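See structure below.
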Amino acid sequence: MKRFFNEKNGGEGKMTSGQFFLAGSAGGFFNGLLAAPIEHIRIRLQTQTTGVKEFNGPLDVIKKLSGQGANGVRTIVRGMTPTLARESIGSGMYFLTFEALVKREMDTRGIARKDLESSKLCLFGGLAGISMWLSVYPTDVIKSTMQTDNYKNFKYKTSFDAAKGIFKTHGISGFFKGFTPTILRAAPVNAATFLAFEQAMRIMG
Numbered sequence: 001m002k003r004f005f006n007e008k009n010g011g012e013g014k015m016t017s018g019q020f021f022l023a024g025s026a027g028g029f030f031n032g033l034l035a036a037p038i039e040h041i042r043i044r045l046q047t048q049t050t051g052v053k054e055f056n057g058p059l060d061v062i063k064k065l066s067g068q069g070a071n072g073v074r075t076i077v078r079g080m081t082p083t084l085a086r087e088s089i090g091s092g093m094y095f096l097t098f099e100a101l102v103k104r105e106m107d108t109r110g111i112a113r114k115d116l117e118s119s120k121l122c123l124f125g126g127l128a129g130i131s132m133w134l135s136v137y138p139t140d141v142i143k144s145t146m147q148t149d150n151y152k153n154f155k156y157k158t159s160f161d162a163a164k165g166i167f168k169t170h171g172i173s174g175f176f177k178g179f180t181p182t183i184l185r186a187a188p189v190n191a192a193t194f195l196a197f198e199q200a201m202r203i204m205g
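Quick note on full-length UniProt numbering: the sequence shown kicks off at 1 and runs consecutively.
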């Protein structure tokens, strides 16, 4: 996507904010296609109560979820819609925020990208991670609610049903359960991610 936009813009290597968002969203969308079933399997394993466990491992989760009659495959990819929304919007905001902050810093100081300090890259990466979760956290809660629902007798048939259930039970605050630790983790993790990426790009020239 970045190559496409660069060529569309005359090969100058400059992209608009909207193009950064679209490039990030496209990557996020395809990532979401894999993330939905993988996260569903992981969540089923992580939310097992102590004592007798229903699932013995990832393959056992797949076997039991896929054994739900005609809806087996749909059960495995349950939560796909909110996952795609989270990954598309979140990744778009992620890269848009980082690139916008980098551009602003370069323009303000009149420096090249390679001259940005590591501390600035960490700051911008951390803010990008926070921006991502601010834009999609409620969607992630809806996804998790669907993927922890009783797979033998679903309470929520659709994402909208899950959203209504969350609001009815917990109100608006229900869409932000666990938000604080997520943000506290997102800042340092994404700071390190973008710093490593930028340093790698500089090494490769």
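For glycine and all other residues, C-beta sits at the position ideal for the given N, C-alpha and C.
Source: prediction; values computed, not measured.
* Using 10 angstroms around the beta-carbon of Lys-143, count the other beta-carbons present and answer buried if the total reaches 16, otherwise exposed. => buried
* **Length at least 4, wholly inside the region 9-96: the alpha helix (DSSP H) runs in chain order** => 17-46, 58-66, 72-76
* With 16 other CB atoms within 10 Å as the buried threshold, where does Gln-19 fall? -> buried
* Asked: Tell me which same chain residues have a C-beta within less than 7 Å of the C-beta of Leu-121, skipping the five on either side of it?
  -> Phe-194, Leu-195, Glu-198
* Asked: Gly-178: which of Gln-147, Pro-138, Arg-202 sits nearest, CA to CA?
  -> Pro-138
* Are Ile-62 and Ile-41 closer than 8 Å when you measure CB to CB? -> yes
* Asked: Hey, Gly-27 and Ser-119: beta-carbon distance below 8 Å or not?
  -> no
* **DSSP three-state assignment for Leu-116, whether helix, strand or coil** => coil
* **Helix, strand or coil at Ile-172 according to DSSP, with G and I counted as helix** => helix
* Between the CA atoms of Ile-38 and Phe-21 - distance to the nearest angstrom -> 25 Å
* To do: Specify whether the region 168-184 and the region 74-82 touch according to this definition: at least 3 beta carbon pairs, one from each stretch, less than 8 Å apart.
  => no
* In terms of residue numbering, what span does the alpha helix (DSSP H) encompassing Ile-111 cover? -> Ile-111 -> no alpha helix (DSSP H), and no H or E assigned at all.
* Asked: In the region 132-182, which residue ranges form an unbroken alpha helix (DSSP H) of at least 4 residues, counting only runs that do not cross its ends?
  -> 159-170
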